[in-house]
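Sequences listed follow chains A and B, in order.
Positions 1 to 123 (our numbering) are the ones given, in order, by the first sequence.
Positions 1 to 110 (our numbering) are the ones given, in order, by the second sequence.
Glycine included, every Cβ here is placed at the ideal spot set by N, Cα and C.
Keep in mind that this is a model prediction, so the values were computed, not measured.
So the structure is just underneath, and the comments pick up after that.
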Amino acid sequence: GAVVSQHPSWVICKSGTSVKIECRSLDFQATTMFWYRQFPKQSLMLMATSNEGSKATYEQGVEKDKFLINHASLTLSTLTVTSAHPEDSSFYICSARDYRRYSGGFSTYNEQFFGPGTRLTVL
Amino acid sequence: QKEVEQNSGPLSVPEGAIASLNCTYSDRGSQSFFWYRQYSGKSPELIMFIYSNGDKEDGRFTAQLNKASQYVSLLIRDSQPSDSATYLCAVNIGYSTLTFGKGTMLLVSP
Numbered sequence: 001g002a003v004v005s006q007h008p009s010w011v012i013c014k015s016g017t018s019v020k021i022e023c024r025s026l027d028f029q030a031t032t033m034f035w036y037r038q039f040p041k042q043s044l045m046l047m048a049t050s051n052e053g054s055k056a057t058y059e060q061g062v063e064k065d066k067f068l069i070n071h072a073s074l075t076l077s078t079l080t081v082t083s084a085h086p087e088d089s090s091f092y093i094c095s096a097r098d099y100r101r102y103s104g105g106f107s108t109y110n111e112q113f114f115g116p117g118t119r120l121t122v123l
Numbered sequence: 001q002k003e004v005e006q007n008s009g010p011l012s013v014p015e016g017a018i019a020s021l022n023c024t025y026s027d028r029g030s031q032s033f034f035w036y037r038q039y040s041g042k043s044p045e046l047i048m049f050i051y052s053n054g055d056k057e058d059g060r061f062t063a064q065l066n067k068a069s070q071y072v073s074l075l076i077r078d079s080q081p082s083d084s085a086t087y088l089c090a091v092n093i094g095y096s097t098l099t100f101g102k103g104t105m106l107l108v109s110p
């Protein structure tokens, strides 16, 4: 259980184009998904928190108009990198929190399950 | 501001030895603690979590938590070359987002 998929696994695009990355929870419902970015040999950087049915919460310094997030269902969140530039080339990883674990109320657990990541290269 | 500190390594151990990975955190309100393993070029994989003081064992892995010292560790017994990866420590308060450390690179030599 707790499987998260991402599509595509890698993408190469020209500067100025937009790229959409999908994140799906395959065997559980995820009211909350997270989008991270990781540059080579760097740590994970949280970009935004995606909540089903509401607007995403962006971390400081992340441009919400450039990185569009949509969480239309309990199993799907999408990240669109608009007008991509070479500096946007990175490894984008989503994670999802298992809603069922919290259906009985507040829990101190907060396991996040990561998708396999999408490697974006902007030429 | 919440901070999670890890030695970047690399930590080198011979095959069969015990690898000890350490993590400290700054926020005393942190409630849940997680260890993830990340192979080069791959996304993180959850190894285990702990939220009570003491030890928690799962196979060759043991997580240790000391909230008074704000310290969490991961022991890997009988280390294998396949354990060579970067190990990320993460903490959270309640329902908040996870704060990740920068990770410790572990190298297990045959």
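- The beta-bridge partner set that DSSP reports for Ala84/A is empty.
- Neighbours of Glu52/A in chain B, taken as residues whose beta carbon is under 7 Å from its own, are absent, since the nearest beta carbon is some 15 Å off.
- For Leu120/A, the closest Cβ of chain B is not nearer than 8 Å.
- Among the residues facing chain B, Glu87/A is not included, as its CB has no counterpart in that chain under 8 Å away.
- In terms of beta-carbon proximity, Phe67/A stays away from the interface with chain B, with every pair separated by 8 Å or more.
- Distance from the CA atom of Lys64/A to the CA atom of Glu15/B, rounded to whole angstroms, is 46 Å.
- Comparing C-alpha distances from Gln38/B to each of Gly101/B, Pro110/B, Ser109/B shows the shortest one belongs to Gly101/B.
- Contacts between Thr78/A and chain B, judged by CB atoms closer than 9 Å, are missing: the closest CB pair is about 17 Å apart.
- Interface with chain B (8 Å Cβ-Cβ cutoff): Phe39/A is excluded.
- Contact with chain A is found for Leu46/B, since one of that chain's Cβ atoms lies less than 8 Å from the residue's Cβ.
- Shown here, Ser43/A sits in coil according to DSSP, grouped into three states, outside any helix or strand.
- About 15 Å separates the CB atoms of Glu111/A and Phe61/B; that is not less than 8 Å, and the two are not in contact.
- Gln70/B and Ser26/B have their C-alpha atoms roughly 7 Å apart.
- Judged by beta-carbon spacing, Tyr92/A lies within the 8 Å limit of Leu120/A, meaning their Cβ atoms are closer than that value.
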